[in-house]
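In our numbering, the protein residues as written are 94 to 179.
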């Protein structure tokens with residue numbers, strides 16, 4: 094019986110956060126996203142421009158190439174359409 098428990102796929106941390114944290118509170122939180130705004134319709138862009146090659150919220154140190162990625166024009170705030178990095 095114990096072996097069957099271990100054979101079942103375990104949820105990832107993101108799946109747990111989605112079910113336990115996000116879903117019950119999604120109408121009470123503010124989500125900033127300047128790169129994948131087209132995947133979710135309940136987020137807003139960061140309010141300030143990010144300087145090139147500077148760390149950002151959610152940056153993973155093992156992938157420095159992400160620092161050079163420009164944010165999509167569609168994900169920029171209306172007052173920051175000329176920004177390259179968000």
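Built from N, CA and C at the ideal position, the CB exists for glycine as well. In this text the structure is predicted, and so the values were computed from the model without any measurement.
query, result
"Best match in 106, 179, 119, 174 for proximity to residue 144 [C-alpha to C-alpha]", "179"
"Exposure of residue 111, with buried meaning 16 or more beta-carbon neighbours within 10 Å", "exposed"
"Beta-carbon contacts of residue 196 that lie in its chain and below 8 Å, excluding the five residues immediately before and after", "This structure gives no information on residue 196, because the portion of the chain shown stretches from 94 to 179."
"Collapsed DSSP secondary structure at residue 137 in the structure displayed", "strand"
"Reference residue 150, options 126, 106, 120, closest by Cα", "126"
"For residue 134, the nearest candidate out of 168, 173, 104 (CA to CA)", "168"
"Alpha-carbon spacing of residue 102 relative to residue 109, whole angstroms", "13 Å"
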